[in-house]
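**Q** Following full-length UniProt numbering, the numbering of the sequence shown begins with 1 at its first residue and continues without gaps.
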Amino acid sequence: MASEQDMILFRVEDSVGIITLNRPEKLNAVSWELAEELSQLLISLRFNDEVRTILIHGAGRAFCAGGDVDFISGDSDRPMPGTSDPSRPIPRSQRKTPGGPFFEVARQLIYVDKPVIAAIHGPAVGAGLAYSLACDRRFGDTTTKMAAIFTNIGVAPDCGMSYFLPRIVGLPNALMMVETAQIFEAERCKELGLLDELVEEGKAYDAALDYAKSLAGRASVAIDMSRRMIHMSAQGATLEDILDYEGIAGVIVASTNDAREGTAAFMEKRKPEYKGN
């Protein structure tokens, strides 16, 4: 059994690093401490060659119910710029980046440089929605509910929501979602593109894990470099930037053992056996 301090659980199964948000009594709402732990774990996983793919899901009845209300309201031990008593001392680093590790999680979900798959059940709202949108693919079940819920409590989107949401659902739908803060049921989430795969109740984790394992069994350096180039394009790289980087990445990937195995297997008409290097 996990102790009360285990806000994040982590294990590796068949080269998949499985991250469990573990505050079920709070519907896995993100506290400052949880965000710090999660962002540091993601940073470490970038350099963990045992892990080729990452799966993130929530314990209990939810994926993630957003930011912890105690922190957002300014009533927690950690002051929140804008809502806490102005006389409370605020760390210098937090004055420069008020969201601190909350924002760092969104950054590291991209910079971990490996595919990240989300298995979603129950609520994925606010920061929980933002984090799921930063993942490469989202598997949900029929209990899934998603919302850019920020304006319902009088705050603005954060944790990368304004970046990820219009890229996934399009500008008009993104505007509708942040302006109305509507909560959408699973079928509508699939229609909007918030979910990539919709499975029956209780099956999102298994489906996401199967997909993550399938990626982990492929040529992971090629996959990671390909992922990096797609994100470069989404972040505004020009065609010339991408062509140059594709040339560089092509040489890097071609030098891997998996590239030699892949081409040999193709010529020999057999299934390749990739080792991830």
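Every residue, glycine too, gets a C-beta built ideally from N, C-alpha and C.
Remember, predicted model here, so these are calculated numbers, not experimental data.
Is the CB-CB distance between Met146 and Ala174 below 7 Å?
**A** If you check the CB distance, Met146 and Ala174 do not come in under 7 Å.
**Q** According to DSSP, is Cys159 part of a helix, a strand, or is it coil?
**A** coil
**Q** Per DSSP, Val12 forms a beta bridge with which residues?
**A** Gly17
**Q** Could you have a look at Ala124 and say whether DSSP puts it in helix, strand or coil?
**A** Strand.
**Q** Of the residues Val253, Thr53, Glu246 and Glu200, which one's Cα is nearest the Cα of Leu109?
**A** Thr53
**Q** Could you compute how far the alpha carbon of Cys135 sits from the alpha carbon of Gly160?
**A** 12 Å
**Q** To the nearest angstrom, how far is the alpha carbon of Ala148 from that of Asp113?
**A** A direct Cα-to-Cα measurement between Ala148 and Asp113 gives close to 26 Å.
**Q** Under three-state DSSP, which class holds Leu198?
**A** The answer is strand: DSSP assigns Leu198 an E or B state.
**Q** Beta carbon of Gly66, beta carbon of Gly128: below 7 Å?
**A** Contact: yes.
**Q** Grab the span of the beta strand (DSSP E) containing Arg218 for me, first residue to last.
**A** From DSSP, Arg218 is part of no beta strand (DSSP E); its letter is neither H nor E.
**Q** For the alpha helix (DSSP H) that Ile242 lies in, which residues bound it at each end?
**A** Run containing Ile242: Leu239 to Ala254, per the alpha helix (DSSP H) assignment.
**Q** Within 10 angstroms of its Cβ, does Ala150 collect 16 or more other Cβ (buried), or is it exposed?
**A** Reading the sequence as shown, one finds Phe at residue 150 and not Ala. Classification of Phe150: buried, given that the 10 Å Cβ count is 16 or more.
**Q** To which residues of the same chain is Phe164 closer than 7 Å at the C-beta, ignoring the five residues directly before and after it?
**A** Ala130, Leu133 and Ala134
**Q** At what residues does the alpha helix (DSSP H) containing residue 313 begin and finish?
**A** The first residue shown for the chain is 1 and the last is 277, placing residue 313 beyond what the model contains.
**Q** Since His57 sits in a beta bridge, which residues does DSSP pair it with?
**A** Looking at the DSSP assignment, His57 forms a beta bridge with Thr20.
**Q** Which residues bound the alpha helix (DSSP H) around Met177?
**A** Leu171 to Thr180
**Q** Put Ile117 into one of helix, strand or coil per three-state DSSP.
**A** In this structure, Ile117 counts as strand in the three-state DSSP scheme.
**Q** Using alpha carbons as the reference points, say which of Val169, Gly154 and Glu197 lies closest to Ala181.
**A** Gly154
**Q** Report the three-state DSSP secondary structure of Gly67 (helix, strand or coil).
**A** If DSSP states are grouped into helix, strand and coil, Gly67 belongs with the strands.
**Q** Suppose you measure from the CA of Cys64 to the CA of Pro24; what does that come to, to the nearest Å?
**A** Cα to Cα, the separation comes out at about 9 Å.
**Q** If you count every other CB in all the chains shown that lies within 10 Å of the CB of Thr238, and 16 or more means buried, which is it?
**A** exposed
**Q** Going by DSSP, what residues sit across from Lys145 in a beta bridge?
**A** Lys145 is bridged to Pro123 and Glu185.
**Q** Taking C-alpha atoms, which residue in Met225, Ile18, Ile19 and Gly236 lies nearest to Ala259?
**A** Distances from the CA of Ala259 to each of Met225, Ile18, Ile19 and Gly236 were compared; the closest alpha carbon is that of Met225.
**Q** Pull up the DSSP beta-bridge partners for Val30, would you.
**A** Gly67
**Q** Please report the straight-line C-alpha distance between Val178 and Arg92, rounded to a whole angstrom.
**A** 30 Å
**Q** Hey, would you say Leu42 sits closer than 7 Å to Val16, going by beta carbons?
**A** no
**Q** Which word fits Ala234, buried or exposed, when buried means at least 16 other C-beta atoms lie within 10 angstroms of its C-beta?
**A** exposed
**Q** Please name the residue in Leu243, Met232, Ala35 and Leu198 whose C-alpha comes closest to that of Phe102.
**A** Taking Phe102 as reference, the option from Leu243, Met232, Ala35 and Leu198 with the minimal CA-CA separation is Ala35.
**Q** Residue range of the alpha helix (DSSP H) that Lys96 falls in?
**A** Element bounds for Lys96: Arg92 to Lys96.
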